[in-house]
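Each step along the sequence shown adds one to the number in this note's numbering, with nothing skipped, and position 25 is 26.
Every residue, glycine too, gets a C-beta built ideally from N, C-alpha and C.
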Amino acid sequence: VHQFVQPSVSALSDAGILAILNQAVHSFEQIPKLVDEVSVGARDFVPTPAATRVAARKAYRARRTLILEFTDDSIDESNELEELLKEAESITRMRRPMVDIALQRKTLEGSHITPLMAPP
2 VHQFVQPSVS ALSDAGILAI LNQAVHSFEQ IPKLVDEVSV GARDFVPTPA
52 ATRVAARKAY RARRTLILEF TDDSIDESNE LEELLKEAES ITRMRRPMVD
102 IALQRKTLEG SHITPLMAPP
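Below you can see the structure in the form of structure tokens.
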């Protein structure tokens with residue numbers, strides 16, 4: 002059986018189809034859990050965006066941070082995140098003036114789901 006299947010598997014793999022199918026299966030496996038969560042009232046991310054902002058403002062201390070935004074992302078919050086991290090940097094500098102913090106921001110082509118897609 003292997004000798005009959007292998008050429009097809011190789012061709013699909015070379016064309017990138019297997020990666021796409023694998024990604025689709027992984028995505029489809031998540032749907033039942035998502036439907037269950039919505040059916041019991043889930044409507045937002047946990048923790049909430051507001052709770053995440055409070056925690057980041059108080060406790061975010063990474064010395065190097067890269068913010069990625071996408072050109073076609075209707076739910077992008079890069080501006081808000083950058084401001085929040087600048088506040089966190091100010092707090093850190095008050096406590097530890099010798100700490101150097103680097104914050105970079107890059108814009109990439111694509112949308113919010115681009116990182117989840119298989120490469121072309």
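With distances taken between CB atoms, is the gap from glutamate 38 to threonine 72 smaller than 8 Å? no
Quick check: glutamine 4 and alanine 119, are their CB atoms within less than 8 Å of each other? no
As an exercise, report each continuous beta strand (DSSP E) stretch of at least 3 residues that is fully enclosed by the segment 51-81, in chain order. 65-71
Where does leucine 86 land, buried or exposed, given buried means 16+ other C-beta within 10 angstroms? Burial is judged here by how many other beta carbons sit within 10 angstroms of a residue's own beta carbon; leucine 86 has at least 16 and is buried.
Three-state class that DSSP yields for tyrosine 16 in the structure shown: Rather than tyrosine, the amino acid found at residue 16 in this sequence is alanine. In this structure, alanine 16 counts as coil in the three-state DSSP scheme.
Could you pull out every residue in the same chain whose Cβ sits closer than 6 Å to the Cβ of alanine 20, ignoring the five residues on either side in sequence? Ala119
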